[in-house]
Amino acid sequence: MSIEILVVLGAPNSSSGELSAISKERLDFCLKRYQNNMMILCTGGWGEHFNTAKKSHAFYTKNYLIKSGIPEDRFLENAISGNTVEDAVKTKEIISSLKNIQLSIITSDYHLERVKLIFNEILKSYKMKFVGVK
Numbered sequence: 063m064s065i066e067i068l069v070v071l072g073a074p075n076s077s078s079g080e081l082s083a084i085s086k087e088r089l090d091f092c093l094k095r096y097q098n099n100m101m102i103l104c105t106g107g108w109g110e111h112f113n114t115a116k117k118s119h120a121f122y123t124k125n126y127l128i129k130s131g132i133p134e135d136r137f138l139e140n141a142i143s144g145n146t147v148e149d150a151v152k153t154k155e156i157i158s159s160l161k162n163i164q165l166s167i168i169t170s171d172y173h174l175e176r177v178k179l180i181f182n183e184i185l186k187s188y189k190m191k192f193v194g195v196k
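63 is the number of the first residue of the sequence shown in the numbering used here; add one for each residue after it.
Take a look at the structure:
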């Protein structure tokens with residue numbers, strides 16, 4: 063049986079690290095979907111368009127999920143990225159040594175087609191599902 067990895071793509075947060083509604087929608091979907099045998103990978107670093115805070119976006123999203131009850135040992139390394147292409151490239155680096163996995167890529171519905179194009183190209187050898195949260 064394969065291990066499912068929930069990959070939560072980054073979205074904006076404030077300069078003080080407060081997560082946007084878009085980010086929380088993705089994270090809340092992750093929380094609903096999560097089961098004990100799954101792993102989670104959070105993406106997002108810094109960028110003028112989504113995070114100018116001191117810490118990476120993935121730091122804030124991982125904290126949100128831990129505070130919501132997901133054990134810290136269920137997280138893979140954060141993918142510190144500045145855009146969707148880097149999300150895919152850094153995710154591939156992090157999961158490259160893992161065997162028998164499938165990915166569930168969580169983004170927003172308006173971003174879904176772009177994410178599919180990028181991830182299907184960069185991670186074409188992986189089994190993936192895509193979720194576009196409303």
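Beta carbons: idealized from backbone N, C-alpha and C, even for Gly. Just so we're clear, the structure is a prediction, and the values are computed from it rather than from any experiment.
- For G107, the closest alpha carbon among the candidates F121, M100, Q97, R95 is that of F121.
- Remark: C-beta atoms of S170 and N140 do not approach each other more closely than 8 Å.
- Beta bridge pairing from DSSP links T153 with no other residue.
- Listed in chain order, the non-local C-beta contacts of L160 below 6 Å within the same chain number zero, local neighbours out to five positions each way being set aside.
- The shortest C-alpha to C-alpha distance from I167 to any of E155, S158, I180 is the one to I180.
- S170: member of the beta strand (DSSP E) spanning 163–170, first to last residue.
- Spanning the alpha carbons of K129 and S78 requires a straight line of approximately 18 Å.
- In the structure shown, the three-state DSSP call for L81 is strand.
- Between L127 and K196, the alpha-carbon positions lie close to 19 Å from each other.
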